[in-house]
Amino acid sequence: MQRMLTVILAFIGMVGALAIDTYLPSIPAIGREFNVGPVAVQQTLSIFLFCFAFMMLFYGTLSDSFGRRPVIMIALVCYTLASLGAAFAPSFGWLLVCRALQGLSAGAGSVIGAAIVQDRFSGAQAQKMMAHIMMVFGLAPALAPILGGWLHVHFGWRSTFYFLTGFGALMFVLAWRALPESLPKEQRHAFHPVAIAANYVKVLSNPRFVLLSLTVGLAFGGLSLYIGSAANFVMEILHLPETAFGWMFIPLISGMVIGSAWSGKYAAKIPPVRMKWIGFTIMLAGAGIGVVYNLLFVAEVPWAVLPLMVFTFGLAVAMPAIQMSAFELFPDNRGLSSSMLSFIQMIAFALVSGLVAPLLFGSALKLACGMLAGLVLAFVCWRISASKRFAA
0 MQRMLTVILA
10 FIGMVGALAI
20 DTYLPSIPAI
30 GREFNVGPVA
40 VQQTLSIFLF
50 CFAFMMLFYG
60 TLSDSFGRRP
70 VIMIALVCYT
80 LASLGAAFAP
90 SFGWLLVCRA
100 LQGLSAGAGS
110 VIGAAIVQDR
120 FSGAQAQKMM
130 AHIMMVFGLA
140 PALAPILGGW
150 LHVHFGWRST
160 FYFLTGFGAL
170 MFVLAWRALP
180 ESLPKEQRHA
190 FHPVAIAANY
200 VKVLSNPRFV
210 LLSLTVGLAF
220 GGLSLYIGSA
230 ANFVMEILHL
240 PETAFGWMFI
250 PLISGMVIGS
260 AWSGKYAAKI
270 PPVRMKWIGF
280 TIMLAGAGIG
290 VVYNLLFVAE
300 VPWAVLPLMV
310 FTFGLAVAMP
320 AIQMSAFELF
330 PDNRGLSSSM
340 LSFIQMIAFA
350 LVSGLVAPLL
360 FGSALKLACG
370 MLAGLVLAFV
380 CWRISASKRF
390 AA
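Residue 0 is where the sequence shown starts when you use numbering that gives the first Met the number 0, and the numbers rise one by one after that.
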């Protein structure tokens with residue numbers, strides 16, 4: 000049952016990742032069809048991420064009030080319809096609207112999935128479950144750009160949105176048939192806007208929670224920097240075709256999958272604090288190697304992407320323990336705390352991919368330095384959160 004739940008939550012959580020990564024090889028073609036420049040086309044990603052982040056504020060608290068299962072299923076219906084609308088977009092404005100609607104509906108699975116884990120498990124078992132979900136979930140960003148490139152070359156950019164439509168419909172059927180409700184009615188909170196607002200204030204006024212959330216967001220910022228720059232990095236810097244996105248995403252996500260497997264295996268044996276130190280040390284090694292390589296050599300595969308694999312291995316080792324530390328601060332508001340953590344993470348993702356990444360286009364060294372800078376800031380936030388002043 001636990002393995003089945005892991006697979007279900009991971010696949011439903013993939014909805015957002017697929018909506019981000021599958022269409023990346025088509026970004027230049029979308030710009031050509033609608034006669035808009037690279038910065039404008041980049042907003043199809045940015046608007047998705049901002050809407051994704053905004054709605055994450057509400058999915059957790061909605062599921063605390065109405066149950067986990069109904070909120071996920073309604074969101075999947077909206078996502079499927081938005082994906083279909085994007086596939087038929089007659090104008091760039093229409094596509095932006097549909098991407099916004101996709102973003103508003105795509106985050107339910109990941110936010111509520113984390114709350115479901117907290118409903119059913121605790122301590123090392125919950126950390127292990129989160130690591131296993133991340134391991135399965137990690138397949139989506141690795142395979143999506145490869146599949147998207149293949150679909151684009153053979154059927155055009157609209158085919159990627161037809162694929163997202165089909166996947167959303169399939170996930171709705173999976174949730175309807177197999178997703179259990181983990182929050183009994185007697186444990187739900189009444190939906191009172193004033194009380195909900197007070198809970199948000201309580202969470203956001205906790206400095207340790209905010210620092211841990213910033214740690215997650217800034218660490219993932221290195222990953223989002225490369226995802227936001229994927230088309231430019233693969234086709235302009237590495238000089239590879241649309242079908243070669245696997246050169247970037249397979250090493251990047253392989254590190255995350257292997258790191259998640261390792262983290263899950265040793266979650267009960269290695270204390271969380273030590274796990275965080277191990278993860279940050281590995282991330283620093285990956286980011287540092289990337290900077291040194293790009294200082295000395297011209298970027299080419301496979302050497303330009305191998306440091307990303309090291310970085311994401313460390314990311315997958317550290318993040319489950321950090322996320323659990325944040326969730327444990329508010330055991331009575333698991334959905335809300337999951338929402339806030341995801342919101343801060345996705346705002347960082349949106350800002351980095353939409354605003355920072357375009358500034359670094361065309362330079363592998365700038366991207367590597369950006370990843371290292373984000374990691375240093377994440378480390379500082381984590382160490383401050385662990386100080387005696389803020390430690391629980």
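Cβ atoms here follow ideal geometry from the backbone N, Cα and C, with glycine treated the same way.
For A105, which residues in the same chain have their Cβ closer than 7 Å to its Cβ, ignoring the five residues on either side in sequence? V14, G15, A18, F51 and Y78
Below 8 Å, can you find three or more Cβ-Cβ pairs linking the region 269–289 to the region 302–313? yes
Given G167 as reference, the closest of A218, I115, A197 and I73 once Cα atoms are compared: I73
Please look up how many angstroms separate the CB atoms of P144 and A9, rounded, as I've assumed it's under 8 Å. The Cβ separation is near 18 Å, so there is no contact.
Secondary structure of F198, DSSP reduced to three states: Note on residue identity: the sequence assigns Asn, not Phe, to residue 198. Helix at N198.
Same chain, Cβ closer than 7 Å to L374, neighbours up to 5 away in sequence not counted: These residues qualify, in order along the chain: A218, G221, M282, L283 and A286.
With DSSP collapsed to three states, give me the class of N205. DSSP places N205 in coil when its eight states are reduced to three.
Should Q186 go down as buried or exposed, given a rule of 16 or more other Cβ atoms within 10 Å for buried? exposed
Buried/exposed call for V297, threshold 16 Cβ in 10 Å: With fewer than 16 other Cβ atoms inside 10 Å of its own Cβ, V297 counts as exposed.
Cutoff 8 Å; reference G36; Cβ partners in own chain excluding five residues on either side: Taken in chain order, the residues that qualify are G30.
9 Å Cβ cutoff met for F244 and L23: yes
Given F342, which residues of its chain have a CB within under 7 Å of its CB, disregarding the five upstream and five downstream residues? A52, M55 and L56
Apart from the five residues on each side of it in sequence, which residues of its chain come closer than 6 Å, Cβ to Cβ, to I346? A52
Using the Cβ count rule (16 or more neighbours within 10 Å means buried), how would you classify N34? exposed
Alpha carbon to alpha carbon, how far is K184 from V355? Give it in angstroms, no decimals. 44 Å
Would you mind sorting M274 into buried or exposed? The rule is 16 or more other CB atoms within 10 Å of its CB. buried
Short Cβ contact (9 Å threshold) for G12 with E180: no
Alpha carbon to alpha carbon, how far is S212 from R382? 13 Å
Euclidean distance between Cα positions of M170 and K201: 34 Å
Runs of alpha helix (DSSP H) wholly within the region 53–105 (minimum 4 residues, chain order): 67–86 and 91–105
Closest residue to M129 among I277, V379, A114 and M370 (Cα-Cα distance): A114
Does DSSP classify R187 as helix, strand or coil? coil
Assumed close pair S25, G147 - CB separation to whole angstroms, cut-off 8 Å: 7 Å
Inter-residue Cα distance where the pair is A86 and I277: 44 Å
Can you tell me whether A391 is buried or exposed? The criterion is at least 16 other CB atoms within 10 Å of its CB, across all chains shown. With a pLDDT of 49 at A391, under the threshold of 50, the predicted position of this residue should be treated as unreliable, though the coordinate-derived value follows. So A391 counts as exposed.
Using the rule of at least 16 other Cβ atoms within 10 Å of the residue's Cβ for burial, across every protein chain shown, is W175 buried or exposed? exposed
Nearest neighbour of L328, chosen from F208, N198 and S262 [CA to CA]: F208
Should Q1 go down as buried or exposed, given a rule of 16 or more other Cβ atoms within 10 Å for buried? exposed
From which residue to which residue does the alpha helix (DSSP H) around Q252 run? Reading the sequence as shown, one finds Ile at residue 252 and not Gln. Note, I252: alpha helix (DSSP H), G245 to Y265.
Where does S362 fall in DSSP's three states? coil
Apart from the five residues just before and just after I195, which ones in its own chain have a Cβ nearer than 7 Å to its Cβ? The beta carbon of I195 lies closer than 7 Å to those of T60 in the same chain, with the five residues before and after it left out.
Is it true that the region 89–105 meets the region 357–372, where meeting means three or more beta-carbon pairs spaced less than 8 Å apart? no
Around the C-beta of L371, are 16 or more other C-beta atoms found within 10 angstroms, so that it is buried, or is it exposed? buried
Would DSSP call T164 helix, strand or coil? helix
Which residue from A260, L314 and I257 puts its Cα closest to that of F279? L314
Sub-9 Å separation of R157 and L4 beta-carbons: no
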